[in-house]
Each structure stands twice: as structure tokens, then as C-alpha cells.
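Structure first, then comments.
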Amino acid sequence: MKPKDWLELTMPERTLVLEQISEQQKATGRAVTALEINLRLQEVLERTAAYDMSLMDEEQSQAYRERLRQNRERLEKKKAVLCGNTETA
18 MKPKDWLELT MPERTLVLEQ ISEQQKATGR AVTALEINLR LQEVLERTAA
68 YDMSLMDEEQ SQAYRERLRQ NRERLEKKKA VLCGNTETA
């Protein structure tokens, strides 16, 4: 995640993500990877997309929807590569 993306999240969204990461690290006993953090942030952005897009005009809304889709695809490809699933990578 780029610093700009992190800065665009609201404080409650940031807090939620960090709390989830902390809980996961406690439960698994291992550090969370950057990919896992990015996937969680993507989920937050997808959950809040309807509200976020309601504040935009149609052109901005379509561009935002497309960026979310592209980012999801990119993250899923990275996840597939890490899992060794070359069929979907």
C-alpha cells in the first residue's frame, strides 16, 4: 500500500485494519505480510465504496470502481503466485 492510499483512509478504517492485523498476529504467532495487509485494506475500500462513490460525480465514480477492480485483480494474482497457483497467476 502506498502512503497516499493509507492517508486517504479514515481514522476508523485505519484503526479497524490495524486491530485486525494485531489480532491475526496474536492468533498465528507470526508477522502479517504486506500482501495480507493490502488485501485487508482492499476489503475496507470495497465495503465503503458505495458511500465513497456517492460523493463523486459519475466519471469519478466509474474511475474509482475501475481502480478497485484492477487493484483486486493485482492482489489476487500476487496471492496466487505466493500460494504457488500458477494457473491463476
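Offset between the sequence shown (1-based) and this note's numbering: plus 17.
Glycine included, every Cβ here is placed at the ideal spot set by N, Cα and C.
Check                                                                                                                                         : Outcome
What residue ranges within the segment 43-105 form continuous alpha helix (DSSP H) runs of no fewer than 4 residues, ordered along the chain? : 51-64, 66-71 and 75-100
Give a yes or no on contact between the segment 39-52 and the segment 89-102, applying the rule of three or more CB pairs nearer than 8 Å.    : yes
Have a look at Arg-82 and Ala-66 and give me their C-alpha separation to the nearest angstrom.                                                : 8 Å
Could you say which of Arg-31, Glu-30, Gln-59 and Leu-26 lies nearest to Gln-87 if we only look at CA atoms?                                  : Gln-59
Whose CA, out of Lys-43, Val-61 and Met-70, lies closest to the CA of Thr-32?                                                                 : Val-61
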